[in-house]
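The numbering used here runs 1 ahead of the 1-based position in the sequence shown. Yeah, the Cβ is synthetic: ideal placement off N, Cα and C, and Gly gets one too.
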Amino acid sequence: MNYSPMPLYIKSVLRDALTVYGLTFAGAIGSAIAGLNMQTNPSTAYLTNLFSGAIGFAMAGIRVSAHRAEYMAWVAVVFWIFNLTNMVLGIQTYAAWVHSGVTIIIMAVLGSAFATVLSPFSNTMRSLCPPAKTE
């Protein structure tokens with residue numbers, strides 16, 4: 002078996018990790034505005050966070066055609082490291098940060114599944130609507 006490792010594009014991984022971070026942040030702000038929080042509605046707040054992250058991972062996965070699992074793992078690791086800011090700001094404890102890795106893995110798996118389902122559709126749309134040429 003001839004295995005060629007995925008070329009690691011650091012900018013793409015950072016961009017996609019920031020996309021996931023931004024979507025989970027927006028989901029948290031939306032939940033707070035709606036009055037949902039971990040004290041009053043823990044399951045709803047958790048599911049909002051989970052699905053907003055899964056959407057971010059799906060967006061990242063659709064952009065990648067080869068080595069998707071490895072790429073998504075890198076995005077998940079970088080996203081988890083970005084979440085250190087929650088610990089620095091006092092929003093999250095160290096133990097909660099470590100345990101959040103499980104949620105991030107679930108987000109990445111769900112997002113990868115969404116991307117796998119949606120990729121053929123997005124490829125069809127790209128072939129029907131090619132990008133505009135810039136000169």
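CA-to-CA distance, residue j to residue i, given in whole angstroms
i: residue 17; j: residue 105; result: 14 Å
i: residue 38; j: residue 109; result: 23 Å
Beta-carbon proximity of residue i to residue j, cut-off 8 Å
i: residue 102; j: residue 61; result: no
i: residue 81; j: residue 88; result: no
i: residue 65; j: residue 72; result: yes
Nearest neighbour of residue i, chosen from the options [CA to CA]
i: residue 22; options: 54, 107, 108 and 110; result: 54
i: residue 32; options: 20, 19 and 48; result: 48
Proximal residues to residue i (C-beta, below 6 Å), its chain only, five neighbours per side dropped
i: residue 116; result: 59, 62 and 63
i: residue 120; result: 63
Residues of its chain near residue i, where Cβ-Cβ distance is below 7 Å and the 5 sequence neighbours each way are ignored
i: residue 107; result: 51
Chain-order list of residues whose beta-carbon lies under 8 Å from that of residue i (same chain, five-residue window excluded)
i: residue 27; result: 53
i: residue 20; result: 57, 60 and 61
Environment of residue i [buried if 16+ CB atoms lie within 10 Å]
i: residue 57; result: buried
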